[in-house]
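Here the structure comes first, spelled out in structure tokens, and everything after it is commentary.
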Amino acid sequence: MSSTLISNYFREANLPHIWCPGCSNGIVTRALVKAIDELGLDKNKVTVVSGIGCSSRAPGYLDFNTLHTTHGRALAFATGLKLANPDLEVIVITGDGDVSAIGGNHLIHAARRNINITTIVFNNNIYGMTGGQYSPTTPTHALGTTAPHGNIDKPFDITQLAAAAGATYAARTTSYHVNQLIKYIKKGIENKGFSLIEAASICPTYYGRKNKSGSAVKMMEFLRDNYIDIKAYDKLPDDKKIGKETMGEFKEITLPEYTDEYLRLIENLKGAEK
Amino acid sequence: MSKNIKLMQGNEACIEAALMVGMRFYAGYPITPSTELAELSAEKLPYYGGKFIQMEDEIAGIAAAIGGSLAGLKSMTATSGPGFSLKQENIGYAMIAEVPLVIVNVQRGGPSTGLPTSPAQGDIMQAKWGTHGDHPVIALSPESVPETFELTIRAFNLAEKYRTPVMLLTDEIVGHMREKIEIPAIEEIEIFNRLKPIEGKEYLPYKIEEGDIVPRMASYGEGYRYHVTGLFHDETGFPSNSSENAELMLNHLMSKVEDNLDDIITYEEYMIEDAEFLIVAYGSTSRTARSAVKILRQEGIKVGMFRPITIWPSPEKRLREISKNIKNILVAEMNLGQYVYEIQRIVKSNSEVYHIGRANGEVLMPSEIVTKVKEVL
Ligand SMILES: Cc1ncc(C[n+]2csc(CCOP(=O)(O)OP(=O)(O)O)c2C)c(N)n1
Ligand code: SF4
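Chains as they are written, first to last, in this note's numbering: chain A, 1 to 274; chain B, 1 to 377.
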């Protein structure tokens with residue numbers, strides 16, 4: 001199965017990828033491809049846009065229309081592509097720093113417009129590419145190369161941020177829960193509007209080493225044991241909530257989609273005096 | 001057919017021309033004195049089946065415009081002052097990724113928020129060097145409303161032909177003044193569209209076909225499934241770290257402009273045949289300079305004006321030639337001295353180069369230029 005996914009959707013000549021052993025970027029990328037395969041999307045219409053970061057290197061390996069942009073700006077480039085040609089199936093791959101620090105403004109506005117773009121956030125809670133500096137999702141007290149004395153920032157919840165800003169589909173799972181991740185990505189792509197799927201990920205090389213999280217396997221086990229479905233989480237007594245993270249579908253609603261509205265506007269003006 | 005004569009603002013003429021040459025995508029963020037460009041695009045584009053979007057900032061404006069161009073639409077973004085600063089990183093992206101795009105900068109007083117409603121020509125060097133790294137730049141500067149129309153058409157054609165962002169550097173005066181303009185019929189307008197991949201032939205997105213100047217450009221969604229990146233890349237479009245490749249690529253980026261200067265560069269020569277003294281001016285300042293030439297000529301002083309219309313690349317060859325017979329050159333510009341350095345570089349020891357300029361929002365007056373010329377003499 002896996003091998004046909006590779007031959008059908010990967011640019012094999014560009015492999016092996018640049019990611020470290022134990023990095024979860026490959027798992028999340030494969031989940032995206034699996035979702036695309038299961039949905040039977042037309043490869044010629046699928047357009048994958050990314051910013052800058054380890055995770056943002058994924059499009060280079062994928063046999064679709066691919067665009068590797070500037071740090072933080074993937075959603076702005078993607079918005080132009082989607083509006084210019086609404087037939088494109090636009091998917092954005094981004095990291096936690098890319099989408100919520102330098103690109104935070106583009107995230108909230110893409111969500112607000114409810115433009116039909118599916119954003120997949122590889123959230124490893126750190127700046128991987130530049131060597132382990134803290135990001136807007138690094139937990140308070142965690143260590144990073146720019147937080148050598150412990151991080152005093154409070155982290156963003158990117159999924160809830162997108163949901164609050166206007167995304168019509170927002171869900172979070174982890175790179176351990178692969179089947180759920182594939183399911184959420186499929187639902188995100190099928191949602192006609194702005195969708196965000198956050199995949200809690202691991203960076204053993206920087207986050208893991210700095211924070212003594214143990215091996216990549218240990219870090220995966222952490223994802224398995226500490227991410228709890230929001231409904232189950234809500235029922236937990238307060239003392240049991242400590243140290244737990246939530247996953248699940250945070251938002252799923254239907255609202256008018258941006259490019260549809262624009263095409264309607266064009267249609268309404270037809271025949272009118274210029 | 002009767003002539004289509006209108007009274008129009010510079011910014012209006014820009015959009016009128018853009019629509020005629022085929023602009024179908026505009027993304028930007030409002031800022032004085034460029035705002036009319038966004039407003040008119042928003043109003044008119046949907047009638048042409050085109051798209052307008054007001055993005056969350058200028059960075060997003062140019063990013064979305066690059067996306068629009070990759071999707072196959074002729075795209076534009078426009079801004080002024082602070083917005084031009086914000087666009088710089090993605091200007092470099094469009095240059096290295098070879099994405100056709102028109103960027104209009106209606107210059108206003110700076111630095112920072114500066115003088116929002118006053119004219120300036122303070123972004124001349126930023127247009128050339130604003131984005132980091134070595135890169136090719138094409139920038140045009142109109143002096144009037146009709147020329148704004150003409151150069152907007154040219155900007156789109158050059159962008160499509162050379163696959164590079166082209167800047168239209170106007171200023172608050174040219175952008176906001178109203179003048180008579182004759183709008184040509186669409187058949188009279190020369191329109192260049194980017195070359196598409198050769199059907200049936202293997203497509204390498206950054207390979208230059210025999211006889212072409214730049215790689216042929218497929219639109220996203222057409223079936224070519226290629227990769228675009230801001231990293232140095234080879235013919236395949238995929239990143240390459242090798243210094244040999246980087247050199248090859250930079251050579252291509254620079255030479256596609258430098259090898260075609262005769263096509264890209266235009267300028268105007270005014271009363272230079274017997275001139276002993278030359279005023280160099282561009283954009284709205286050339287209007288002042290022209291008046292000064294007339295006044296000085298009446299007094300029997302042999303003055304002429306040289307006006308670069310293509311600011312970057314500068315009309316180096318022609319100006320150096322002229323300067324051989326010119327003792328003194330006065331560069332007049334609405335800044336504290338920017339293009340003057342380019343002129344000095346060009347004429348070397350052929351002529352003495354002087355400067356008159358100001359950056360307080362006030363335009364130069366003909367009388368000031370007249371006085372300065374007499375001072376030098
Ligand atoms: C304008 C700009 N600022 C900074 C950088 C340097 N930079 C590259 S990637 C990165 C952070 C990436 O972190 P994240 O988005 O979390 O992705 P990851 O590498 O962890 O997948 C930074 C700061 C850049 N390329 N561009
Ligand atoms: S640095 Fe971290 S995020 Fe980047 S490839 Fe290595 S493990 Fe993955």
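The beta carbon of each residue, even a glycine, is placed where N, CA and C say it ideally should be.
Values in this document were obtained by computation on a predicted structure and should not be read as measured data.
Asked: Name the DSSP bridge partner or partners of L115 of chain B?; Found: B:G109
Asked: Alpha carbon to alpha carbon, what distance is there between P197 of chain B and Y203 of chain B?; Found: 7 Å
Asked: Any chance the CB of G53 of chain A is under 7 Å from a heavy atom of ligand 1?; Found: yes
Asked: Please report the straight-line C-alpha distance between S50 of chain A and P16 of chain A, rounded to a whole angstrom.; Found: 19 Å
Asked: Tell me which residues of the region 227-250 of chain B have at least one Cβ-Cβ distance to chain A shorter than 8 Å, keeping chain order.; Found: H227, V228, T229, G230, L231, F238 and P239
Asked: Counting beta carbon pairs with one atom in the region 214-222 of chain B and one in the region 241-248 of chain B, are three or more of them shorter than 8 Å?; Found: no
Asked: Can we count G95 of chain A as close to ligand 1, meaning its CB is less than 7 Å from some heavy atom?; Found: yes
Asked: How long is the line joining the alpha carbons of L223 of chain A and Q88 of chain B, rounded to whole angstroms?; Found: 40 Å
Asked: Is there a Cβ of chain B sitting closer than 8 Å to that of Y262 of chain A, yes or no?; Found: yes
Asked: Taking 7 Å as the cut-off, is the beta-carbon of N179 of chain A closer than that to any non-hydrogen atom of ligand 2?; Found: no
Asked: How close, in whole Å, do the beta carbons of A275 of chain B and P366 of chain B come, if the pair is a contact with beta carbons under 8 Å?; Found: With a Cβ gap of about 17 Å, A275 of chain B and P366 of chain B do not count as contacting.
Asked: Consult DSSP for M1 of chain A and reduce its assignment to one of helix, strand or coil.; Found: Reliability of the predicted coordinates at M1 of chain A is poor, the pLDDT of 49 falling under 50, and no value is obtained from them.
Asked: Taking a Cβ distance cut-off of 7 Å, strictly less, list which residues of the region 99-129 of chain A are near chain B, in chain order.; Found: N105, H106 and H109
Asked: Could you name the residues that DSSP lists as bridge partners for P136 of chain A?; Found: Partner(s): none; P136 of chain A has no beta bridge.
Asked: Which same chain residues, not among the five before or five after L337 of chain B, have their C-beta less than 7 Å away from its C-beta?; Found: At residue 337 of chain B the sequence reads Gly, which differs from the Leu that was named. Same-chain partners within the cutoff: H355 and G357.
Asked: Given a cut-off of 8 Å, decide if G53 of chain A and D98 of chain A are closer than it, judged by their beta-carbon atoms.; Found: yes
Asked: Which of the three DSSP states is assigned to S367 of chain B in this structure?; Found: helix
Asked: Quick check on E268 of chain B - is its C-beta less than 8 Å from some C-beta in chain A?; Found: no
Asked: Mind checking whether the beta-carbon of N211 of chain A lies closer than 7 Å to any heavy atom of ligand 2?; Found: no
Asked: Using only the heavy atoms of ligand 1, determine whether one of them is closer than 7 Å to the beta carbon of C203 of chain A.; Found: yes
Asked: Who are the near neighbours of M1 of chain A in its chain, counting only those whose CB is closer than 8 Å to its CB and skipping five residues on each side?; Found: Model confidence at M1 of chain A stands at a pLDDT of 49, short of 50, so the residue's coordinates are unreliable; what they give is reported in the following sentence. Here the set comprises nothing.
Asked: Give the straight-line distance between the Cα atoms of G225 of chain A and V257 of chain B, rounded to the nearest whole angstrom.; Found: Note on residue identity: the sequence assigns Asp, not Gly, to residue 225 of chain A. Taking the straight line from one Cα to the other gives about 59 Å.
Asked: Grouping DSSP H, G and I as helix and E and B as strand, with all else coil, what is L143 of chain A?; Found: coil
Asked: Where does the unbroken alpha helix (DSSP H) through D262 of chain B begin, and where does it stop?; Found: L261 to I264
Asked: Determine the chain B residues that contact G60 of chain A at a beta-carbon separation under 8 Å, and present them in chain order.; Found: H227, T229, F238 and P239
Asked: Select from the region 59-73 of chain B all residues with a C-beta closer than 9 Å to any C-beta belonging to chain A, and list them in chain order.; Found: I59, A60, G61, I62, A63, A64, A65, I66, G67, G68, S69, L70, A71, G72 and L73
Asked: Quick check on DSSP: helix, strand or coil for G337 of chain B?; Found: coil
Asked: For ligand 2, is there any heavy atom lying closer than 7 Å to the beta carbon of M247 of chain A?; Found: no
Asked: Using the DSSP secondary-structure output, state which residues sit across from F52 of chain B in a beta bridge.; Found: B:Y26
Asked: Measure from the C-beta of H68 of chain A to each C-beta in chain B and report whether the shortest distance is under 8 Å.; Found: yes
Asked: Out of B:T310, B:L248, B:V353 and B:N335, which one is the CA nearest neighbour of G361 of chain B?; Found: B:N335
Asked: Check the Cβ of R73 of chain A against every Cβ in chain B and list those closer than 8 Å, keeping chain order.; Found: I59, A60, A63 and N90
Asked: Taking 8 Å as the threshold (C-beta atoms), are V280 of chain B and P119 of chain B in contact?; Found: no
Asked: Please determine whether the Cβ atom of N350 of chain B lies at a distance below 7 Å from any heavy atom of ligand 1.; Found: no
Asked: Indicate, with yes or no, if ligand 2 has a heavy atom lying under 7 Å from the CB of N123 of chain A.; Found: no
Asked: Does P142 of chain B pass the burial test, meaning 16 or more other C-beta atoms within 10 Å, or should it be called exposed?; Found: buried
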